[in-house]
Structures are given as structure tokens and as C-alpha cells.
Amino acid sequence: MKRILPVLFALVALASFGSAAEAKLRVVSSLQDFASIAQSIGSDRVETLALAKGYQDPHFVDAKPSFVLQLSRADLLIVAGLELEIGYLPPLIDQSRNDKIHPGNPGYLDGSVGCDILQRPTTQVTRAMGDVHPYGNPHYWTDPENGRVVARSIAARLSQLDAAGSATYQKNLAAFEARLTQKEAEWRAKMAPYAGTRIVTFHDSWPNFAKAFKLDIVGHVEPKPGIPPSPTHTLEIINLIQAQKVPVILVEPYFDRKTPDSIAARTGATVVTFYPSVGGTPAITDYFALFDTDINAFVAAVKGKK
Amino acid sequence: MDHDVWTRAARNAAPVPAALALIFALGLATLATPLAAQAPAPAPAPQTPDPVADLRAQLEALKAEYERRIADLEERLTDLQTAQGQAPAPGPATAEATPPPAPAPAPEAPPSQPAAPEGAAVPATEPGPGAGGAGGPSQTSNYFNPSVSVIGNFLAVGGQNRTENLPSAELRESELGIQAIVDPYARADFFISFGEHNVDVEEGFVTFTALPQSLLAKVGRMRAYFGKINTLHLHVLPWPDEPLPVVNLLGSDGWIGTGVSVARLLPIGDTFTEGTLQIFRGQAEDLFEEQRRSDLAYNGHYRVFKDLTDASNLDLGLSYATGPNGATPSSRTRLEGLDATYRWKPLQTASYRSVTLRGELFRSLRDQPGGVQRAIGWFAAGDYQLAKRWFVGARYETSDLARDASKRDTGEAATLTFWPSEFSQLRAELRRRHYSLTDETANELLLQLQFAIGAHGAHPF
């Protein structure tokens, strides 16, 4: 017995040390973008994880039980909101057994709050319009200024959940914002020569990007959101591209390039894989690299055509 | 171990919503008090004589003004609501995923918050008694209406089958789903299925989502967690029909029970595992028959889910159930089940290409006067996604009859499914079934059309 006691004490001590070392806040996000921003703000006080991969269609994520486990351990859940996650997140939250991350509790953060949300329907919407989002376009983080809003929301929420780290979060936020301001100037300078360029995109994922960098989206390869390309609509797009001299077609990495490629072959437009999220390719390691990659690809494709 | 830390934290957090609820109730009470105090106030006013006539006129003017504004607000609200009622996609957990009024003050706040100030503001500023009461509450109460969806399920059948004689055309088991959050601790789900002539509560239960110890409890009527297919509603099955082991060993619509279900997360490292225990009344169509109130049916399920790679995963389940079968006062049926599902879906091309392989094996041990009937049934099926909207599938099924294990039915089927959009589905199934009781082999073509309106449910997984 006497020999066992010290061993027990040692174990308890080890265990408590273990949990102290693991006192990091666990932040789970539906998107790698928000996980990346949360990591920048939280630095070594947080542990971040994203459910959807950056190269995956964020509308169609499977509600895998392994996500239930990750959510059950989360201190903070950051969602894009606007019903982007309607197909998989609600049942996962219900099954998480984690009251902290239920909507309405501090552990649930809707990133869209305070952001510049476009395409909020002003008239009645029906599903005749395809898979429309009745609360507005959910791909809002493609405007870096919205990224700034999200970063501020995250910093505020982390400070609320972990008051001891408040100073760190504010300092990291300031650094994030400073870097964002500097990068934005660089991105805008790169994009300035192409202001007003007419573009066609596969899905309607880019209104915020287009607004931020002054592009003009004139059409989509999808006839309606969520409806795959049809021959008649493809023909219309071909005519549109020719009539309006559209230089590029932007395609998210998770869509089939067959139709865009055939449109390109008949019009001379260039198909550019455009990444909506961090992690879209291994090179896109954070929120800044996301814009670096997309903007460089855009400039490279349009340059020769102007 | 560190898992316990989380659950403990969750338990500690539980009083917070309770406190919130209390504060909310108190807030309502205080808001109601001034209302009550004000309501009688205008009453003495008219009693005072002439000098107050001016005041009264002003009051009338004010009242008219406010009524106009309220009417205006009401109109805008109904506009908003109709817009929301038709399109928005609130799924099972809608109300919580995105609180209803997106443009409302703080879309993130619990739905109660935008509603409370609004409901309170109207009567508080309303001088006339009654008018405010009529407008405010009826509008705000719509915020809390459950999300509603209807799934139509039309089946046309060709070919000949004298044993299982389905009508040539039928609108069967159309499902009405009504779902909402009850309070900070629970949500409720009702699924009411309509045949052409009858209505059934297929499921109707409350789920307690804020329990300690990684528990999740359901109370009400629900599909028993026996195997995987039995838990699924008809409209999410990969076929238009239930496979033979379910039909022969669990009952023609599967096993639906009324009682209590408790599930606990039992993670092993980073692997998801979950144990479920269900206790139901000892009554289920074709399966259990209670003789007295104490005859209960029990079901236990253990599930393991493992991500093999980012693109593939394996889902395994073990089930065991027992309940009274009514053959003799003490006879019982025991059921054992094994289910396995393998999915392959490369994430980047997830909407274009996927494979699902699934199989279930059931054994039924039924006590009856002639001796124990040991019936075995199983099916194996696969589905391959060819393109964004196209799937092909095949199924083999075989099952003994629960009441006469010497008789065995078998079947083969091939399916082709087309999804015009996420909300409608066309499916054709070529099916051959051999029925042992009648020694008939039937070749049939089943054509199914399903369509969903209303709230956007979660995608089945």
C-alpha cells in the first residue's frame, strides 16, 4: 500500500499537469478560413480545427460522427452562418452533448454578424430560383474587409471565454489588422489595372470578392445555384462571353471543369481555378495566402488579354 | 479522461441557461407590470370632464398614428414571414442554426431576444388598451413556429406480384416534419406519415441535448436503433422499398417503439463510438405483442465510426433487442443485428463521385409453441454515383420468415436514381423477389418520385 500511494500521487500529479498543459481553448470552425483567423488571433492559447476542407464544397459536407466527437470537445464553434452549414451542422451540434456551442451560448459564434452581406433577398424567394440562401450570400469571407470583421468578432469572443488571454488576443488582433491593411493595399494595387473586368464564375460564390476588387460578374456557368450546367444555358454563356469579351471563367476547385473547359475552348476565355477557402491547395496556408494565390492567378490569366 | 473535463465544464455551464431563462421570465414579468399598470390609466381619463378634451384628442391622434405604424410594421412582418416560410431552409435545427430574422438587431442572439423587446415595445407605447395586445404577440409568436416540411412519396408499380400486391399507383407515406427547439435544454421533432387513407405518427420525440456525462436522451415514439436501415425514414432509403430482413424480421414498416432512448458517447481516443439503450412499450406491429403493462421491449446498440482516410470511412453497429411476442404469455423474441457501411467520397469531387457499400445481418429467435424459430436474414447493397445527379445501385436480400424459419424469401434489385435538384428525386427499381409462402417469383418495376417542400432538412448520412 505504501508503495502504491506515491505512484498514485505521481499519476495524479501527471494527470493534472497534463490537463494544465492542455488548457488551450479548443476552437472548431466549419471553414478553414475562420480556423486560420482564429489561430492568428489565439496563437498558442488556442487549438483550432476545421470540419470542412478548403478544397471541399462547403454546402455539401457529410455529417460524420467523427465531427460529433470534435464538437463534443469544443469550447468555441465558429460558423459562417447564413445557412451555409444547414445541411450538416445542426444535427452535429445536437448530438455533440456540448451545451456550450449551442446557438445563443457564448461558445457559438456566427461569423457573418457585422459583415457586409450581399444579395439579401428583398423579394420573396422560392426554390424555383435554385438553392438560394434566403439570408444572403454566405461566401462573404472572400472580401478581406469581412475577414477583418470576423477577426474582431473572434478576438472579442476569445477574450470573453478566456479573460486571462485578453491582452494577447488584442495584441494579435492589432497585428492581424495591420498586416491585413498592408496586404490589402498590395492586393488592390495588383488588381487596380483590371477594375471593371467582366467575369463569369461557375457558382455564385464571388460577389464579395468582385465588390472588393471591382470586378463585374456577368454570368454563372450554373443556370441557377446548385443546378448543374445545361446545354441551353451553356450556349447562352458562350454568347455572353463572346459579346461582352469576358477574359476569364472562375471555377471553384470542387466543380467539374468539363463545361467551363468546353466554353473556354469555344470562346478563348481562360478557365482559372479560384480558391474560395484556405486549404484549397496546400500552398494556401492562411487567410493572406488565400488572396495572394487567387489574385496572382487572376492577374496571370487576364494580363495577356488586356 | 480529459473528455470528462469537457463534460464537467458542460455540466457547470448548465445553470447559465437556467439563469438566463429566469432572467428572461423576470424581464417579461417586469415588462408586463407597467402594461398592467398603464392599461387602467386611460380608463379614468375619459371620466374627467371637458378640460381634458384637448388631451383626449391628442391621445386619439397619437393612437391613430401608432395604429398606422403598427399596421405598417405588421405588413412588413408578414411579408418577411411569407418570404421566410416559403424559401428558407431551416432544417431540423433551423431555428438555432440561423435565428429567423437575419436583418434583426443581433442575428446571433437567441431568438427570444429579438422577439421580447418587440413584443414589449408595442404594448408599452400603446395608449389604448387592447390594440397593442392584438398586434404584438401574434406577430412575435411566429418567430417560434416550428419549421415545417413535407415530403411527397409517389410510387408506381408495374409487373405482377400476387403475394405482395402493391397498387399500380400510390401516394404513400408522405411525411410531414415539424421541428423546433423547445427550450435551452431540448428540441422536438415530429414526423407524421400520411398514407392515402391513414395517418401515423411515425416519430414524435423530444431530445434532451444539454445533459451531463455525454448523454443524449430521447423520449417519445421513434424508430428503434436496431441496425442502420431501420433508423431511416422511407424517403431517405437508397431504394423505394424496405429490404427483406427488415420486412420479415422487424415488421413491414420496420420497428418503431414508444419509450425512452439514452445514448452515451464512448470515444476511444479519436474514434467515435456510441452506446444506445432503448426501453419501449412491448408493442410493435408484426414484432412485439404485450400481454401486460410490465412487458417491455429493450434494445441496445453500439456504433463505431472510423475515418479511414479523408475520403473513406467505416461505420459499424451491433444491436441486440428483446421483447414479448405474444405467442404465449411468457414468450419473447430476441433479435441480434450486425450492420456495416463503407463510404468512399473524395472530398474535392464529393458532389460528383461516391460509393456506398452497406450490409446488415439479423437473427431472430422467436419463442413459440412449436419451439424456437431461429430465422436469419441479411442484405448487401452498393450505390455508385456516376455524376452530380445520377446514381446506380444493386441489392441482394434474403430472409427467413420470423414465424417459420424453414421458409426463406430472396430478392435481387437494381436501381437507377436521378436527382433533378436537391429537393426532388426520381428512382426506378427493377426487382425480382421469390416468396417462399406462395412459392411465387415476381418481377416488378417500381417507379418512385419524391419531392420535398418547406424547411431544408439536414442531408442524411
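Just so you know, the protein sequences line up as chains A and F, in that order.
Each residue of the first sequence is one higher than the one before, starting from 12 at the first, in the working numbering.
Each residue of the second sequence is one higher than the one before, starting from 77 at the first, in the working numbering.
Even for Gly, the Cβ is constructed at its ideal location relative to N, Cα and C.
Item	Value
Segment limits, alpha helix (DSSP H) that includes Leu103 of chain A	100-106
Sequence-distant residues of its chain with Cβ nearer than 6 Å to Phe527 of chain F (five each side left out)	Gly228, Ser500
Within 8 Å, strictly: CB atoms of Ile52 of chain A and Ala166 of chain A	yes
C-beta contact flag for Lys225 of chain A and Gly237 of chain A at 8 Å	no
Cβ shell of Lys483 of chain F (< 8 Å), same chain only, five flanking positions each side left out	Asp476, Leu477, Ser512, Leu513
Any chain F beta carbon closer than 8 Å to Pro242 of chain A	no
Entirely enclosed beta strand (DSSP E) segments - the segment 215-263 of chain A, minimum 3 residues	227-231, 259-262
Secondary structure of Ile128 of chain A, DSSP reduced to three states	coil
contact_flag[the segment 248-255 of chain A, the segment 183-196 of chain A] where n(CB pairs < 8 Å) is 3 or more	no
Local conformation of His510 of chain F per DSSP, three classes	strand
Close Cβ partners of Ser440 of chain F (< 7 Å) along its chain, the five nearest in sequence each way excluded	Leu325, Thr409, Leu411, Ala451, Ala478
Spatial distance of Phe494 of chain F from Leu184 of chain A (CA atoms)	48 Å
Cα-Cα separation between Pro186 of chain F and Pro114 of chain A, rounded to whole angstroms	For Pro186 of chain F, the predicted model reports a pLDDT of 38, less than 50, meaning its position is unreliable and no value from the coordinates is stated.
Contact check, Ile112 of chain A vs Leu82 of chain A, beta carbons under 8 Å	yes
Residues of the segment 315-342 of chain F with Cβ closer than 7 Å to any Cβ of chain A, in chain order	Leu341
Cα-Cα separation between Arg144 of chain F and Arg132 of chain F, rounded to whole angstroms	18 Å
For Asp515 of chain F and Ala488 of chain F, the rounded distance between their alpha carbons	Residue identity differs from the one stated: residue 488 of chain F is Glu in this sequence, not Ala. Approximately 16 Å between the Cα atoms of the pair.
Three-pair Cβ contact test at 8 Å for the segment 382-395 of chain F versus the segment 353-364 of chain F	no
Residue-chain proximity (Phe499 of chain F, chain A), Cβ-Cβ < 8 Å	yes
Whole-angstrom distance between Arg199 of chain A and Leu308 of chain F, CA atom to CA atom	51 Å
Collapsed DSSP secondary structure at Glu278 of chain F in the structure displayed	strand
Nearest-angstrom Cβ-Cβ length linking Arg297 of chain F and Val277 of chain F, presumed shorter than 8 Å	6 Å
Straight-line Cα distance separating Leu42 of chain A from Gln181 of chain A	23 Å
For Pro343 of chain F: DSSP bridge partner residues	Pro343 of chain F pairs with nothing; no bridge assigned.
Near-chain A residues of the segment 448-467 of chain F - C-beta to any C-beta below 7 Å	Lys464, Arg465
Against chain A: residues of the segment 432-446 of chain F by CB proximity under 8 Å	none
Residue(s) in a DSSP beta bridge with Phe348 of chain F	F:Phe381
For Thr179 of chain A, the first and last residue of its enclosing alpha helix (DSSP H)	177-202
Residue interval of the beta strand (DSSP E) (run including Glu58 of chain A)	57-61
Contact set between Phe537 of chain F and chain A, taken where Cβ atoms lie within less than 9 Å	Asp73, Ala74, Lys75, Pro76, Tyr99, Pro102
Proximity to Thr347 of chain F [Cα-Cα], best of A:Pro117, A:Ile97, A:Leu80, A:Gln106	A:Leu80
Lys111 of chain A (DSSP reduced to helix, strand or coil)	helix
Minimum Cβ-Cβ distance from Val262 of chain A to chain F less than 8 Å	no
Cβ distance (whole Å) where Val283 of chain A is taken to contact Ala308 of chain A below 8 Å	5 Å
Span of the beta strand (DSSP E) around Tyr460 of chain F	449-463
Alpha carbon of Pro243 of chain F to alpha carbon of Asn157 of chain A, nearest angstrom	57 Å
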